[in-house]
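Residue 7 is where the sequence shown starts when you use the working numbering, and the numbers rise one by one after that. Ideal placement from N, C-alpha and C gives every residue a C-beta, glycine not left out. Keep in mind it's a predicted model, so treat the numbers as computed, not measured.
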Amino acid sequence: MTSPDKFLKIVITSPDSVKDEAGRICTLLKNGIDYVHIRKPEATRNEIRDLIESIPYKFRRHLRLHGHFDLVNDYNLAGVHLNSRCPQAPQNALSVSKSCHSIEEANDAADYVYVTLSPIFDSISKEGYRSGYDLETIKRNLISKNVIALGGVTPDRFGTLRECGFAGAAMLGCVWNDFDRFIMDLNH
C-alpha cells in the first residue's frame, strides 16, 4: 500500500538496449524517481543480472523486475511486477505489484503494494495504443488507493493524475525518447 501523501514516480525501462542504461537508472533515482521497473521481455536472465550488477547496491532496493523473478532476492531488489507474460509471483516474493487494464481490476487489487492501470492517455511508446478512459470516469470510479497511472504519462500531468485519485505515475516513452529533457521536466 502506498502512503496517501506520497505520489510515487516510477520509470519502466525501455525494452531495448539503452546506452549507459545503468548510469541513466542511477540518474533517475537521484532525481526523484521512486522505483525503476526492469521490463525487458526479450532479455536473458544473464542480461538482466548484468544490468542489476552494474547498478550500485544502494539503488537496487528501488528496482522491480517484470521477469526473471529469481533474481529479486539475490540482489535485494524492491520486488516483482506481475503481467500477462509473468502472471505468477514466486512464493518467497515479499513485495508484489501488478499490471491492470480496467478500473474494476484495479479496485480489486488490494493485495498488491500497488498496481498500474493503463492506458490512461494515448501511449507515447506504443503507436496506436489509445486511452480507454476519460478522467471524469476514473475520478468517480477509482476506489483503490494504490493505483499508478500508466500510458502517455508525462511530468506535467502529475497534478491531474493526483486529482483523479491516482497514487502515482509510471512512465516509459517520455523518459527514453528524450532522457535529458525528461530529467529537466522532472525537476521543474
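- Rounded to the nearest angstrom, the gap between the Cα atoms of Q94 and S101 is 13 Å.
- The three-state reading of DSSP puts A28 in helix, counting H, G and I together.
- In the structure shown, the three-state DSSP call for Y81 is coil.
- Per DSSP, I144 lies in no beta strand (DSSP E); the unbroken alpha helix (DSSP H) holding it starts and ends at L141 to N147.
- F13 and P47 have their alpha carbons spaced roughly 27 Å apart.
- Across the set T166, Y81 and Y41, the C-alpha of Y81 shows the shortest separation from the C-alpha of I58.
- Burial is judged here by how many other beta carbons sit within 10 angstroms of a residue's own beta carbon; I39 has at least 16 and is buried.
- Here A116 is not near S60, since their CB atoms are 8 Å or more apart.
- DSSP places G174 within a strand segment (E or B) once states are collapsed to three.
- In the three-state reduction of the DSSP assignment, K64 falls in the helix class, which pools H, G and I.
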